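As given, the protein sequences belong to chains A and B, one line each in that order.
For the first sequence, the residue numbers in numbering that gives the first Met the number 0 are 0 to 269.
For the second sequence, the residue numbers in numbering that gives the first Met the number 0 are 0 to 281.
Ideal Cβ positions, reconstructed from N, Cα and C, are used throughout, including at glycine.
As the structure is a prediction and not an experimental result, all values here were calculated from the model.
Have a look at the structure below, then the notes.
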Amino acid sequence: MKINPVFVEKLVTRFIEEEFSKLNFKKGILGLSGGLDSSVCAVLAARALGPKNMIGLIMPYKKIFSKDVKDAEDFAFHLEISFRVIDISPMVDAYYTNYPTKNRILKGNKMARERMSILYDVSARENALILGTSNKTELLLGYGTIHGDMACAINPLGDLYKTQIRQLARHLKIPKKILNKKPTAGLWPGQTDEGELGLAYTRIDKILYQLVDLKKPKKEVISSGFPKQDIEKIMKLIKGSEFKRKMPPIPKISDRTVGHDFLYPFDREK
Amino acid sequence: MKVALAQIRPTLGDIRKNFFIHVDCIQRAKKKKVDLLVFPELSLTGYTLMDMVEEVALRPQTDPMFKKFKALSRDLSFVLGFVEEKEKGLFFNSAAFFSQNKVLHIHRKVYLPTYGMFDESKFFGQGRNFSTFLTPFGKAGMMICYDFLHLGSNYLLFVGGSEIIIVISAAPGRGFSDEEAYASSRMWELMGESISRFSQTFVIYCNRVGYENGKSFAGGSFIYTPGGQLIAKSPYVDEDFLVKEIHLEDIRRFRKKRPYRRDDKPEIICEALKRVIENYED
């Protein structure tokens, strides 16, 4: 699970450079939360594209994460990328005034999609390409909002587990206050990923590594010393979130069907 | 003899659930005094398995589910499709013929479709043989789906003396037609008609139904007589349990009338094939 941060930094930076050049974009945009993943992504994107070509969007809801907003602003300033703060409260509240709910997951998802909607709007105005910040742990567990924070044009950190991103972050000298922050999806005050998942990332990632990367069957992972219920919980999350990692199914009718046998590479003629 | 075709809709990757679907069909067939029951390709596992292949694979010699199937085959023969782990880490798309408390024969799919919407070669090893075997009803040969669309495989079963050709299939439908059917269904029926007529065998084709990732398995299972006559056919797309009486005497009748098998020249074909292969340019 240990990465060589110098090599990984190079791979991801080159990837961003090459994708932008193939897709013919100069400018990149991403949502900055003041957390680890978006900070790491911003550093690498700023290196690949130049800080002047990077836009960070900070999109708080009310004042509930003002410390994170401050961290995000400070970090954007430090990276010398341009940034903008757009408050999503009026849009989200407008909806919930008419359709109230006490379900905080619903509200959290709505906020994630509001941010997505703004990111896409600003990206079109600025002619910028959206960089996603979902990591491998989140993608495998389905710990993200479909068409919300998972929506992007390219996803540079998608093959790095949370703990590996932390290794990379240390190498990139991300400020301690961001590095040591408890990971949160920012869905409601006091929410942490680990609290909600009921497991620490260090343990989740070790289990995922054995199940996914090493393709070990459940019983072998158990005998390597992890509790059965943790492994089963993780397997259930993986199985239950396949829909977040795929295009929606299309019933095959014709001879050539999108998603079935209309097969072209993403990098078609690029 | 009585033949039944179980045009079922297995659940992808849920081998327990599919086991019970099989047992239900077996009981149903027994009640109807069926002699031979045929399930579709990968009936125990579902088709689009991808990385689940290793999770649903069985070893026929030791698997407890196979033991139960053997016990169920005392007075009913049946064919089902499963993922076989032949050796450690070596997986095949296989068909097993159960009869008289035994597995009489296993066929491993030779032609693995790997084009367009198919990528079987990515997940399965390739079988190496088309052989015939003795059943309580005469000599039989088995093929799995795309195997059947190749002339060579059909010829080998013909040369091997098969009287009944059993094809198990998970064929997705594709293409428009004027009929209330996929265009691709016609392809299977054409092959069924031609092979049954020119190898003078029964052709028993069982396809599945249901959707997997939007792939729509077309159904339309059928039985052709050794004279090339369609005598039973399941609906397209819908589940079905088709039971039909066939007359093994038809084989003799048609082979006396047109002696294709008597007049076959496998030695000439074999020598000519060798010459063709020797002269390949690379």
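| message | Any C-beta of chain A within less than 8 Å: which residues of the stretch 155-175 of chain B qualify? | response | Pro171, Gly172, Arg173, Gly174 and Phe175
| task | Excluding the 5 residues preceding and the 5 following B:Ile230 in the sequence, name in chain order all residues of the same chain whose CB lies nearer than 8 Å to its CB. | result | Here residue 230 of chain B refers to the residue found at position 231 of the second sequence. Excluding positions up to five away in sequence, the list reads Ile222, Tyr223, Thr224, Lys243 and Ile245.
| field | Within chain A, the residues that B:Lys214 reaches when beta carbons sit closer than 8 Å | value | On the second sequence, residue 214 of chain B is found 215 positions in, with the first residue counted as 1. Within 8 Å Cβ-Cβ: Lys251 and His259.
| Of all the alpha helix (DSSP H) runs that stay within the bounds of the stretch 152-179 of chain A, which reach a length of 4 or more residues? | List check, alpha helix (DSSP H) in window: 161-170 and 175-178.
| Can the beta-carbon of A:Leu56 be found closer than 8 Å to that of A:Phe19? | Numbered from 1 along the first sequence, position 57 holds the residue referred to as residue 56 of chain A. Numbered from 1 along the first sequence, position 20 holds the residue referred to as residue 19 of chain A. The answer is no: Cβ separation not under 8 Å.
| task | Kindly indicate which three-state DSSP category B:Thr134 falls into: helix, strand or coil? | result | On the second sequence, position 135 is the one that residue 134 of chain B refers to. Strand, per DSSP.
| request: Tell me, please, which residues DSSP counts as bridged to B:Ala3. | output: As a first step, residue 3 of chain B is located in the second sequence; it is residue number 4 there, counting from the start. Bridge partners of B:Ala3: B:Leu36 and B:Val242.
| Which residues in chain D sit within 7 Å of A:Asp254, going by Cβ to Cβ distance? | Note that chain D does not occur in the displayed structure, where the protein chains are A and B.
| request: For B:Met116, return the contacting residues in chain A, with the cut-off set at a CB-CB distance below 7 Å. | output: Working through the second sequence from its first residue, we reach residue 116 of chain B at position 117. Here the neighbours are His259 and Asp260.
| field | Opposing strand residues paired with B:Glu84 [DSSP bridges] | value | Against the second sequence, residue 84 of chain B aligns to sequence position 85. According to DSSP, B:Glu84 shares a beta bridge with B:Phe90.
| message | Under 8 Å, Cβ to Cβ, is there at least one residue of chain A near B:Tyr210? | response | Here residue 210 of chain B is taken as the residue at index 211 of the second sequence, counted from 1. Chain A, which has a Cβ nearer than 8 Å to the Cβ of B:Tyr210, makes this yes.
| query | Residues bridged to B:Val208 by DSSP? | reply | Within the second sequence, residue 208 of chain B is the residue found at index 209, counting from 1. B:Val208 is bridged to B:Ala217.
| said: Helix, strand or coil for A:Ile249? Go by DSSP, reduced to three states. | reply: Counting from one through the first sequence, the residue named residue 249 of chain A turns up at place 250. Three-state result, A:Ile249: coil.
| Close beta carbons around B:Phe117, own chain, < 6 Å, minus the five adjacent residues each side | The sequence position of residue 117 of chain B within the second sequence is 118, counting from 1. Result list for B:Phe117: empty, nothing under 6 Å.
| query | Can you name the start and end residues of the beta strand (DSSP E) that B:His104 belongs to? | reply | The residue given as residue 104 of chain B occupies position 105 in the second sequence. Taken as a continuous stretch (DSSP letters only), the beta strand (DSSP E) holding B:His104 covers Lys101 to Arg107.
| request: Verify the CB distance criterion: does A:Pro248 have a CB-CB separation below 8 Å to chain B? | output: Residue 248 of chain A sits at position 249 when you count from the first residue of the first sequence. With 8 Å as the cut-off, A:Pro248 counts as an interface residue toward chain B.
| query | So the alpha helix (DSSP H) B:Ser198 belongs to, where does it begin and stop? | reply | On the second sequence, position 199 is the one that residue 198 of chain B refers to. Segment Ala182 to Ser198, the alpha helix (DSSP H) holding B:Ser198.
| query | Any idea what DSSP makes of A:Gly147, helix, strand or coil? | reply | In the first sequence, residue 147 of chain A corresponds to position 148, counting from 1. Coil, per DSSP.
| task | State the Cα-Cα distance for the pair A:Gln163 and A:Val91, rounded to the nearest angstrom. | result | Taking the first residue of the first sequence as position 1, residue 163 of chain A is located at position 164. Taking the first residue of the first sequence as position 1, residue 91 of chain A is located at position 92. In a straight line, the C-alpha of A:Gln163 is about 34 Å away from that of A:Val91.
| said: Along the chain, where does the alpha helix (DSSP H) containing B:Ser152 start, and where does it finish? | reply: Your numbering for residue 152 of chain B matches position 153 in the second sequence. Boundaries of the alpha helix (DSSP H) around B:Ser152: Leu150 to Val158.
| query | With a CB to CB cut of under 6 Å and the five nearest residues on each side skipped, what residues in its chain are close to A:Lys181? | reply | For this step, residue 181 of chain A is matched to residue 182 along the first sequence. Same-chain partners within the cutoff: Thr191.
| field | Residues bridged to B:Phe19 (per DSSP) | value | Within the second sequence, numbered from 1, the residue matching residue 19 of chain B stands at position 20. Answer by DSSP bridge pairing: none, since B:Phe19 is not bridged.
| alpha helix (DSSP H) segment containing B:Ile230, residue limits | Locating residue 230 of chain B in the second sequence gives position 231, counting from the first residue. Premise fails: B:Ile230 lies in the beta strand (DSSP E), Leu229 to Lys232, not in any alpha helix (DSSP H).
| field | Collapsed DSSP secondary structure at A:Ser65 in the structure displayed | value | Residue 65 of chain A sits at position 66 when you count from the first residue of the first sequence. Three-state result, A:Ser65: helix.
| said: So, under 8 Å CB-CB, B:Val109 and B:Ser42 are touching, yes? Tell me the CB distance rounded to an integer number of Å. | reply: The count along the second sequence starts at 1 and reaches residue 109 of chain B at position 110. The count along the second sequence starts at 1 and reaches residue 42 of chain B at position 43. Wrong, their Cβ atoms sit about 19 Å apart, outside the cutoff.
| query | For A:Ser88, which residues of its own chain have a beta-carbon under 6 Å away from its beta-carbon, when the five flanking residues on both sides are left out? | reply | On the first sequence, position 89 is the one that residue 88 of chain A refers to. So the list reads Tyr60 and Lys61, once near-sequence residues are dropped.
| Does the beta-carbon of B:Arg252 have 16 or more other beta-carbons within 10 angstroms, so that it is buried, or is it exposed? | Counting from 1 along the second sequence, the entry for residue 252 of chain B is found at position 253. So B:Arg252 counts as exposed.
| Cα-Cα, which of B:Glu179, B:Ile163 and B:Arg185 is closest to B:Ile203? | Walking along the second sequence from the start, residue 203 of chain B turns up at place 204. That would be B:Ile163, whose Cα lies nearest to the Cα of B:Ile203.
| Host beta strand (DSSP E) of A:Val84 (start-end) | On the first sequence, residue 84 of chain A is found 85 positions in, with the first residue counted as 1. Run containing A:Val84: Ser81 to Val84, per the beta strand (DSSP E) assignment.
| query | Among B:Met141, B:Gly80, B:Thr131 and B:Arg261, which has the Cα closest to the Cα of B:Glu40? | reply | Residue mapping note: residue 40 of chain B aligns to position 41 of the second sequence, counting from 1. Of the candidates B:Met141, B:Gly80, B:Thr131 and B:Arg261, the one whose C-alpha sits nearest the C-alpha of B:Glu40 is B:Gly80.
| Beta-carbon spacing of A:Leu130, A:Ala75 below 8 Å | As a position in the first sequence, residue 130 of chain A is number 131, starting the count at 1. As a position in the first sequence, residue 75 of chain A is number 76, starting the count at 1. Not in contact: A:Leu130 and A:Ala75 (Cβ atoms no closer than 8 Å).
| query | Which residues mark the beginning and the end of the beta strand (DSSP E) in which A:Gly55 is found? | reply | Locating residue 55 of chain A in the first sequence gives position 56, counting from the first residue. Its beta strand (DSSP E) spans residues Met53 to Ile57.
| query | What are the start and end residues of each continuous beta strand (DSSP E) run of 3 or more residues lying completely inside the stretch 70-122 of chain A, in chain order? | reply | As far as the stretch 70-122 of chain A is concerned, its whole beta strand (DSSP E) runs of at least 3 residues are 81-84.
| Alpha carbon to alpha carbon, what distance is there between B:Gln99 and B:Met186? | Start at 1 with the first residue of the second sequence, and residue 186 of chain B comes out as number 187. Start at 1 with the first residue of the second sequence, and residue 99 of chain B comes out as number 100. Rounded to whole angstroms, B:Met186 to B:Gln99 spans 35 Å at the Cα level.
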